[in-house]
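Numbering (our numbering), first residue to last: 1423 to 2144.
Quick reminder that beta carbons are idealized off the backbone N, C-alpha and C, glycines included.
Every value quoted in this text rests on a predicted model; they were computed, and no experiment measured them.
Below you'll find the structure, written out as structure tokens, and then a few comments.
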Amino acid sequence: MTRARVLLLTAALGPLDYRVPYGSEAPLGSVVVVPLGPRRMGGVVWEDASFGAPEPVGDNRLRNLFEVVPVPPVPAPLRKLVEWTSDYYLAPPGSVLRMVLPGAAFADARRPIVEYRATGELPARMTPQRTVALEKIGTRQGLVRELAALAEVSEAVIRGLVKAGALEAVAVSADQPYPEPDPGFAPPDLSDEQTAAAGQLRDAVAAAKFETLLLDGVTGSGKTEVYMEAIAAAIDAGKQSLVLLPEIALTEPMLTRFAARFGCEPVAWHSGLRSTERRRAWHSIAAGEAKIVVGARSALFLPYAKLGVIVVDEAHEMSFKQEDGVHYHARDVAVMRGHFEGLPVILASATPALESLAMVEAGRYRHIVLPARFGGATLPDLAAIDMRQDPPDRGRWLAPPLVDALADRLHKGEQSLLFLNRRGFAPLTLCRTCGHRIQCPNCTAWMVEHRLVHRLACHHCGHVMPPPRLCPECEDEDSLVACGPGVERVADEVSSRFPEARVAIVTSDTLWSPAKAAEFVDNVEGGLVDIIIGTQLVTKGYHFPNLTLVGVVDADLGLDGGDLRASERTFQQIAQVAGRAGRGVKPGEVLIQTRVPEAPVMAALVANDRDGFYSAEAAARKFAGAPPYGRFAALVISSEDIEVARGQAQRLGAKAPVADGLAVYGPAPAPLAMLRGRHRFRLLLHAPRSFDLQGTIRDWVNSVEWSSKARLAIDIDPYSFV
């Protein structure tokens, strides 16, 4: 072959043709480095017929490939997945390919990397920045840029510490093999129901053909132990396994559980890895040496050499939907990868998504049910606290029945969990003199007070500022007040009511790494925590046998905002957090603070009527033609100039397609009308399930002339409507 079509790692271009130098080979799937103008860029040799045929270029005008990278080629099923993801989510194929080939793919795994760690010696001259840097680095190790980011200082500060002898160089090899997991290391003692479910999963792995299995078990039923048997079967067959988790904070505790079952930790893949760790993991996965991979949604696109099974744990979680870049849903793409690779996909959840249950009803997924908790543990008792009848004291957020229950658990030496899905101290800072509300300068969102670190923060763009002493509007002093509760404010109330209680606040601000999550788990299991106060981060995955009380502080919070999945999301979150109670021999209790106990979702929770709730929710969705019985797509036009964004949105709206069953709403300002300094307008499409939404959008967008100052984001099957 003298020429090769190469898909580049850029969103701006489709595939380009290059010449293969004499004596070289670049078969399909080869990872290559090619010239692009004055730059060198990575890419993959692709099928000629994919992504449409580019303009033919004569052989005499082709530029030579620079290099064929010595790594395994990207397999044909994975190339098909890249094409499908690009086509379905209307994303540039180069953007999808970037998830397959991160920078680690082009680094030689055999070449050692120099990292740095603290020596314990303090430099003769200690500046405030050096002091802070050494405190934050602690025992961690990494590249100069990684330590600088960790310590929030410049790279010059880190290099100065190296020169002063406070940090020392360590050569790290990225080609060191991982330990081999042993499927017979510590087989679990399964119940009869678990054994039957595990048998079905093992048989599916042995069959080595595509099938989607919904492992639907109540909280505490031992779903993890069951799907680990499928992983054991894959290891026995010499194949790899992938387990997707919705949150990076769950990775470290899950690694520990896998180590107890298989004798060694699996290979982790998430954004918190150091460069050397990513390089080692990627090359081991591509070579087929990493037998078990546990990771975030990006692990789905890695080039596994011998993949045998995919497990999506907590498959209902909406955090599996990517909201930036390529707007894909990892659960759905996992099913498609299973289809292309010819292997089983296991979706595990105690509260499956309505989309998954609809596929079961249609006969496309196999339904495996674990109806009871393992080991004789019983499901907790649920009760609603009507906040209209039992309101909290003025300036407080916990109702008297919940306060009494907390006191009872403290007296018994048992642990409690308070759930409020709102980070920080208060969601709004208001001037009581003029009514001014402090808003983010980059977004149409209120600044959230984080009193633990003495700052106001925007949870959309990350902008932070110290709380002002004067009102920015009327300049009145001491007039700014915090409105509403966040987890920090609830923690203050708990500490004032129970000063002897040991409290842990669990949010993405406090559990920002797998190591922090592991430390939290160790503290709770060691009895060093009496009351946990957390956001949705505590609703999934954790097993604390001494935790017997769960209090939901504001159960109505998730029902606001007009999200079509609001009821389903609220039901799932509360059912999941309720499942943290009574997982050991002691019975559990769940108290739900609500102002609308008669609402269908609250009534279903208290009655433990999951089937009734899902049936009613499905009927309402069918009537409205909403997912999974209809389809939505969102087009968001943004620009730093509001008139450019508005004008582009109006031009697009003027050419909106007209078709039977299709409704186009907008353009209108997006609910979050400004985000990260960009003004946003939205068009929303609603269509029947069978409608060719992608083809319609593709033709529509291409019919409009686009301003270079405007940006378009397309979200197929959106989960966020802001």
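Shortest alpha-carbon distance to residue i belongs to which of the options?
i     : options                    : result
E1941 : E1505, I1535, A1671        : A1671
G1582 : V1592, T1553, R1844, G1835 : T1553
D1754 : R1719, A2029, A1772, P1603 : R1719
A2092 : K2077, P2079, D2121, S2061 : S2061
G2069 : A2090, G1642, A2055        : A2090
R2102 : S2112, F2143, N2124, G2083 : F2143
P1863 : R2098, R1461, Y1511, E1615 : R2098
Q2168 : H1965, A2025, Q2015        : Because the chain in this structure spans residues 1423 to 2144, residue 2168 falls outside the shown range and cannot be described.
S1989 : I2014, L1959, P2022, E1763 : P2022
P1497 : I1768, R2100, F1723, G2083 : F1723
A1756 : M1869, L1981, Q1861, V1665 : V1665
I1559 : A1546, E1537, R1547        : E1537
L1695 : D2137, G1564, H1749, P1534 : G1564
L1779 : V2080, P2049, P1545        : P2049
M1548 : A2042, L1519, V1579        : V1579
V2086 : E2065, M2096, R2111, I2119 : I2119
E1763 : F2035, N2030, K1502, V2066 : K1502
A1529 : E2065, K1585, V1493        : V1493
A2067 : A2135, I1790, Y1787        : A2135
Y1726 : L1512, P1495, Y2036        : P1495
R2104 : A2078, D2121, Y1787        : A2078
R1567 : Q1861, S1697, D1509, H1882 : S1697
A1829 : E1871, L1544, E1899, R1924 : R1924
Under the assumption that residue i contacts residue j (Cβ atoms under 8 Å), give the Cβ distance between them as a whole number of angstroms.
i     : j     : result
V1640 : F1841 : Not really, about 18 Å apart at Cβ, beyond 8 Å.
G2088 : L2106 : 6 Å
P1449 : V1467 : 7 Å
K1645 : L1792 : 6 Å
V1960 : Q1837 : Their Cβ separation, rounded to whole angstroms, is 12 Å, which puts V1960 and Q1837 out of contact at 8 Å.
E2011 : T1970 : 7 Å
H1738 : A1794 : Between A1794 and H1738 the Cβ distance is about 20 Å, and since that is not below 8 Å, they are no contact.
N1843 : Q1995 : 7 Å
C1893 : C1853 : 4 Å
F1473 : P1437 : 6 Å
P1601 : D1658 : That pair is no contact at about 17 Å.
M2096 : C1880 : Contact flag wrong, Cβ pair sits at about 11 Å.
Are there 16 or more other CB atoms within 10 angstroms of the CB of residue i, so buried, or fewer, so exposed?
i     : result
G1542 : exposed
M1781 : buried
Y1444 : exposed
V1903 : exposed
G1587 : exposed
D1826 : exposed
R1911 : buried
G1973 : buried
K1713 : buried
F1993 : buried
Q2148 : Residue 2148 cannot be examined here, being either before or after the span of the chain that is shown, 1423 to 2144.
C1856 : exposed
T1851 : buried
G1459 : exposed
M1887 : exposed
H1872 : buried
L1950 : exposed
With C-beta atoms as the reference, is residue i less than 7 Å away from residue j?
i     : j     : result
P1668 : F1742 : yes
P1524 : A1433 : no
L1637 : A1770 : yes
A2109 : I2059 : no
L1623 : A1652 : yes
F2113 : G2075 : no
A1527 : W1691 : no
A1806 : D1812 : no
V1627 : G1730 : yes
L1804 : L2027 : yes
For residue i, write down the residues that DSSP places opposite it in a beta bridge.
i     : result
K1743 : H1751
A1848 : E1871
P2091 : F2103
R2133 : S2060
I1732 : L1664, V1767
V2126 : Answer is none; V2126 lacks a bridge partner.
D1638 : S1771, V1791
H2108 : F2054, A2085
W1691 : G1717
C1905 : L1850
Between residue i and chain B, is there a C-beta pair that is closer than 7 Å?
i     : result
R1924 : No chain B is present in this structure, which holds just one protein chain.
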